Each structure stands twice: as C-alpha cells, then as structure tokens.
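Have a look at the structure below, then the notes.
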Amino acid sequence: MTSTSEDLFDFIASTLKQFVEKEESGSEPSPVRTRELGFTFSFPVKQSSLRSGILIKWTKGFAIEDMVGKEVVELLEAAMVRSGLDMRAALLVNDTVGTLALGRYHDADTVAAVIIGTGTNACYLERADAIIKCQGLLTTSGYMAVNMEWGNFWSSHLPRTSYDIDLDSESPNPNDQGFEKMISGMYLGDIVRRVILRISLESDIFGPVSSRLSIPFILQTPLVAAMHEDDSPELKEVAKILKENLGISEVSLKVRKLAVRICDVVTRRAARLAAAGIVGILKKIGRDGSGGTAGGRSKSDVKMRRTVVAIEGGLYTSYAMFRQYLHGALSEILGEDVAQHVVLQVTEDGSGIGGALLAASYSSIPQRG
Ligand code: GLC
1 MTSTSEDLFD FIASTLKQFV EKEESGSEPS PVRTRELGFT FSFPVKQSSL
51 RSGILIKWTK GFAIEDMVGK EVVELLEAAM VRSGLDMRAA LLVNDTVGTL
101 ALGRYHDADT VAAVIIGTGT NACYLERADA IIKCQGLLTT SGYMAVNMEW
151 GNFWSSHLPR TSYDIDLDSE SPNPNDQGFE KMISGMYLGD IVRRVILRIS
201 LESDIFGPVS SRLSIPFILQ TPLVAAMHED DSPELKEVAK ILKENLGISE
251 VSLKVRKLAV RICDVVTRRA ARLAAAGIVG ILKKIGRDGS GGTAGGRSKS
301 DVKMRRTVVA IEGGLYTSYA MFRQYLHGAL SEILGEDVAQ HVVLQVTEDG
351 SGIGGALLAA SYSSIPQRG
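Read in order, the letters of the sequence shown correspond to residues 1 to 369 in full-length UniProt numbering.
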C-alpha cells in the first residue's frame, strides 16, 4: 500500500500469472495467444477511453506517490510483460461500474450500484446527452455509467464532529474523502475508538486509560458490529472485545451498554448518510417519486417504476444493524409508497465478475461459439 507502483503491479502480475497457470493446467491449450482481462481498479481515475485513465489520487490508506497521474493500464501491462504473462487489458473499470454491470446482467431494472465496504462509492446510468463533457459523443444505448466517487462528497451542511476532524487530519489523505470517512468500514471502528479514548481521558468510566486506545485502527469495524450485535444479557462479547482488543477490563454492565451505544450512534449516522446518498441518485434520475409533482399531483399519484440498485461491500452485507438503519432511512426519506418500488439488490463480486463480463463484451478477440 505504501511502496512503489512497480512493486504493486509486479505483485498483481505475479498473482495473475499464478492464476492463469492454475487455470490452464490440465486443460487444452487455448488457440488464443494473447488473453484479455478486465481491470477493476477501485480508485479515482480520470478515464479517457475504455482502456485508458490516470490515477487522480489514492484513497483507503494507499499512498504510492509515484503512481499519481500515471496511466493505470500501462503500468499493469508493463508488469505483465516483465513477468512473461501474455495478456492485455480489454478495459479499465471502477468496482462500482463492475457491480452495475453484474446487477444489470441479472436484472434489467438496475440503474445504479453502491459499494459500502472498506471504502464507499456509487455509480449510476446517466443520459449521455446530460453529460456536458460528452456532448456529441454517441453511445449505442444513449446512456453512460457515471462513477460518482461519492466518497469525496462534501457539503458545509454536513456536521462534523471533533472525531471526524482529528481522524481526517491524521489520515494520509487529509481534506479528501470526507463522506467516505464518515461511512465506510475502513473508518467506523476508528471513530468509535476515538470516542472511547476521549471519554476515557476525561472521566474514569472506562477505568485507567488503556494505552491501546491510542493505537490508530486497533478497533476494526467488524468488532464494532460484534459489540453492537451482542445479544447476550451480560454483553459478554462486548466485555471480551473491550478487554482483548482495547485493554479495558472489568467494566460494569452499564459501561458495556455505553460502549454499545457508541457503536450504535456511529453506525446509525453512517447508514443514514449512505441512504441519503442513494436518495440523491434517485432524485437525479427521477426515480424518487417526485417526477410528476409539477402538475399538482401528489407524490403517491406518480407511478413509480421498479428501480433496482445493486449493492455490495462487507459493511452492508455483514452488518445487520447497518443494513437496518440504511433501509429505515431510505423509507423515511422517500416515504413508504415510493420506497416499496426501490430494491437494494446484493450482487456477488460485481467488481470481479462484472468487470470480466464487461471485458468479454468489449473484447477484441473473436469469441468462439
Ligand atoms: C474508494 C475509491 C472508489 C471505490 C470505493 C469502493 O472510495 O476511491 O473508487 O469505488 O472506494 O471500493
């Protein structure tokens, strides 16, 4: 994550080579010499064609400075040449775009895709004529996938706590990815840690200040989920995590409940912000049920089309409370009448399989069969 681009891509190319060798062993040699792949690169890219784009900046803790501004596909292909792997990239996509492709492959009503995992981001289908940058550019469908990079969304209306401000200023990318830092799995655990540390420094509720509380990222988000979802009467799991991970032992049930409450507040805020982001997309594409209000019709009179949003990422799929808060907020903002037409559909490995499907459909190699 912090080395050189050559190291990073040599690693990717060697892993890819092992994969190809494993796949090929025992099967007939392929008549195709140069194989093609879809390259899913889950970072902000200034994309100029199907297979070219430069890295704008790193997110999610990566910090390989020499790579910023470089052509991503060129770096991968150079590493594949170095490792003797005869392959080329048919296209470059973001993970949200792969997820949208997979979602749409399964369900034609899919109009957007959201990732809420280590990082968070979304993409959606926009009318090509509404994209100013692409005026005059013809697309066969009339639509184009827009990678929003919503992790970098910011608004002065979004209240920030001192925990958010400290987390941001101590991160490798200060002033960037503000929305992501309030929502995604990489950061939630650390917000909870910061809150417990502050309480611990300012009171004796958590006993003597544990030195572990000062270690960044020591509390990972899956542990927050485990504490939040501990349904044992004595909150045994909470006690265990406080002790083993944070070095806080012997706390009363009341204090364990406080720890759960902190997890709840941090997670609820994250889930509700993500829901607001999804509603933002639905509004933009006229799927929030407000399309016809101009003619004096009420929201509920407007016939809503079934609208599917493909969704992936560990925070959403593995953290039931997060999911519950997100769904609750969606219904709250949209109203039940509209929300019942919006389906959040979990896809599986859209970033891999969706990327591969796109690569297959844009391949320059004639397909057999
Ligand atoms: C980060 C990246 C973005 C990616 C998201 C989810 O926000 O900048 O490109 O889609 O993480 O992986």
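Note that beta-carbon positions come from the ideal geometry of N, C-alpha and C, so glycine has one too. All values derive from a computational prediction rather than experimental measurement.
Exposure of T4, with buried meaning 16 or more beta-carbon neighbours within 10 Å: The sequence position of residue 4 within the sequence shown is 4, counting from 1. Classification for T4: exposed.
Option in A226, L282, D288 and G247 with minimal Cα separation from C263: Within the sequence shown, the letter at position 263 stands for residue 263. Taking only the C-alpha atoms, the option nearest C263 is A226.
Using the C-alpha atoms, what's the distance from R104 back to T139? Start at 1 with the first residue of the sequence shown, and residue 139 comes out as number 139. Start at 1 with the first residue of the sequence shown, and residue 104 comes out as number 104. So the alpha carbons of these two residues sit roughly 17 Å apart.
Does the distance between the C-beta of T347 and the nearest non-hydrogen atom of the ligand GLC fall short of 7 Å? The residue you call residue 347 lines up with position 347 of the sequence shown. No.
Compare the C-alpha of G178 against each of I285, P159, D10 and L282 and name the closest. For the purposes of this step, residue 178 is taken as residue 178 along the sequence shown, with counting starting at 1. Nearest of I285, P159, D10 and L282 to G178, Cα basis: P159.
Assign A310 to one of three DSSP states: helix, strand, or coil. Within the sequence shown, residue 310 is the residue found at index 310, counting from 1. If DSSP states are grouped into helix, strand and coil, A310 belongs with the strands.
Between the CA atoms of G142 and V343 - distance to the nearest angstrom: Along the sequence shown, read from residue 1 onward, the residue named residue 343 stands at position 343. Along the sequence shown, read from residue 1 onward, the residue named residue 142 stands at position 142. About 24 Å.
Could you tell me which whole beta strand (DSSP E) segments of length 3 or greater appear in the segment 80-114? 87-93
Got a sec: is the Cβ-Cβ distance from I132 to anything in chain B below 8 Å? In the structure shown, chain B does not exist; there is a single protein chain.
Touch check for the segment 241-254 and the segment 63-74: three-plus C-beta pairs under 8 Å? no
Check whether the segment 84-101 and the segment 31-41 are in contact - that is, three or more C-beta pairs closer than 8 Å. yes
Once DSSP output is grouped into helix, strand and coil, what is the label at I175? To locate residue 175, count along the sequence shown from 1; it is residue 175. Strictly speaking, residue 175 in this sequence is Asn, with Ile absent from that position. Looking at N175 - three-state DSSP - the assignment turns out to be coil, as it is neither helix nor strand.
Any idea what DSSP makes of K46, helix, strand or coil? In the sequence shown, counting from the first residue as 1, residue 46 sits at position 46. Strand, per DSSP.
Do you know whose CA, among A239, E24 and A270, lies nearest R256's CA? Against the sequence shown, residue 256 aligns to sequence position 256. Cα-wise, what sits closest to R256 is A239.
Near I241, which residues of its chain fall below 7 Å by C-beta distance, leaving aside the five closest residues on each side in sequence? To locate residue 241, count along the sequence shown from 1; it is residue 241. Correct list, in chain order: L223, A226 and M227.
The segment 321-339 touching the segment 266-273, judged by at least three CB pairs closer than 8 Å: yes
Where T120 and G26 are concerned, what is the direct C-alpha to C-alpha distance, given to the nearest angstrom? Counted from its first residue, the sequence shown places residue 120 at position 120. Counted from its first residue, the sequence shown places residue 26 at position 26. One C-alpha to the other measures close to 40 Å.
Please determine whether the Cβ atom of K181 lies at a distance below 7 Å from any heavy atom of the ligand GLC. Mapped onto the sequence shown, residue 181 falls at position 181. It does not: the Cβ of K181 is nowhere closer than 7 Å to a heavy atom of the ligand GLC.
For L282, which option in M80, E149 and L334 has the closest C-alpha, if you only look at C-alpha atoms? Position 282 of the sequence shown, counting from 1, holds the residue named residue 282. Per the Cα distances, L334.
Is I115 near the ligand GLC, going by C-beta to nearest heavy atom under 7 Å? Position 115 of the sequence shown, counted from the start, is the residue given in the question as residue 115. Checking every heavy atom of the ligand GLC against the Cβ of I115, one is found closer than 7 Å.
So who's on the other strand from V146, going by DSSP bridges? Here the question's residue 146 lines up with position 146 in the sequence shown. DSSP lists Y124 as partners of V146.
Just checking my contact of N175 with T96 at CB under 8 Å: how many whole Å lie between their CB atoms? To locate residue 175, count along the sequence shown from 1; it is residue 175. To locate residue 96, count along the sequence shown from 1; it is residue 96. Incorrect: roughly 23 Å between the Cβ atoms, too far for contact.
Spatial neighbours of A128 within its chain, please: CB distance less than 7 Å, with the 5 preceding and 5 following residues excluded, ordered by chain position. As a working note, residue 128 is residue 128 in the sequence shown. Correct list, in chain order: C134, L137, T139, G142, Y143 and M144.
Can you name the residues that DSSP bridges to G40? Working through the sequence shown from its first residue, we reach residue 40 at position 40. A quick correction: the sequence has Thr, not Gly, at residue 40. Answer is V93.
By alpha-carbon positions, which one of R287, K254, V308 and G328 ends up nearest to L273? Looking up residue 273 in the sequence shown gives position 273. The residue with the shortest Cα to Cα distance from L273 is G328.
Given that a residue counts as buried once 16 or more other Cβ atoms are within 10 Å of its Cβ, and exposed if not, what is T15? As a position in the sequence shown, residue 15 is number 15, starting the count at 1. Classification of T15: exposed, given that the 10 Å Cβ count is below 16.
Use the C-beta contact count for I278: other C-beta atoms within 10 angstroms, 16 or more gives buried, fewer gives exposed. As a working note, residue 278 is residue 278 in the sequence shown. Label assigned to I278: buried.
Under three-state DSSP, which class holds G289? Along the sequence shown, one-based indexing puts residue 289 at 289. Coil, per DSSP.
Can you tell me where the alpha helix (DSSP H) holding I196 begins and where it ends? Locating residue 196 in the sequence shown gives position 196, counting from the first residue. Its alpha helix (DSSP H) spans residues G185 to E202.
Might you give, ordered along the chain, the residues of its own chain that have their beta carbon closer than 8 Å to the beta carbon of T2, omitting 5 neighbours on each side? On the sequence shown, position 2 is the one that residue 2 refers to. Only F62, A63 and I64 meet the Cβ criterion.
In three-state DSSP terms, what is V346? Within the sequence shown, residue 346 is the residue found at index 346, counting from 1. DSSP places V346 in strand when its eight states are reduced to three.
Three-state class that DSSP yields for R268 in the structure shown: The count along the sequence shown starts at 1 and reaches residue 268 at position 268. R268: helix per DSSP, three-state reduction.
Bridge partner(s) assigned by DSSP for S52: Residue mapping note: residue 52 aligns to position 52 of the sequence shown, counting from 1. Partner(s): S49.
Return yes when the Cβ of I311 is within less than 8 Å of the Cβ of V260, no when it is not. As a working mapping, residue 260 is identified with position 260 in the sequence shown. As a working mapping, residue 311 is identified with position 311 in the sequence shown. No, they are not a contact pair.
Between the C-alpha atoms of T59 and E23, what's the straight-line distance to the nearest angstrom? For the purposes of this step, residue 59 is identified with residue 59 of the sequence shown, where counting begins at 1. For the purposes of this step, residue 23 is identified with residue 23 of the sequence shown, where counting begins at 1. Distance between the alpha carbons of T59 and E23: 32 Å.
Work out the CA separation of F19 and V45 for me, nearest whole Å. On the sequence shown, position 45 is the one that residue 45 refers to. On the sequence shown, position 19 is the one that residue 19 refers to. Each residue's Cα considered, the two are about 26 Å apart.
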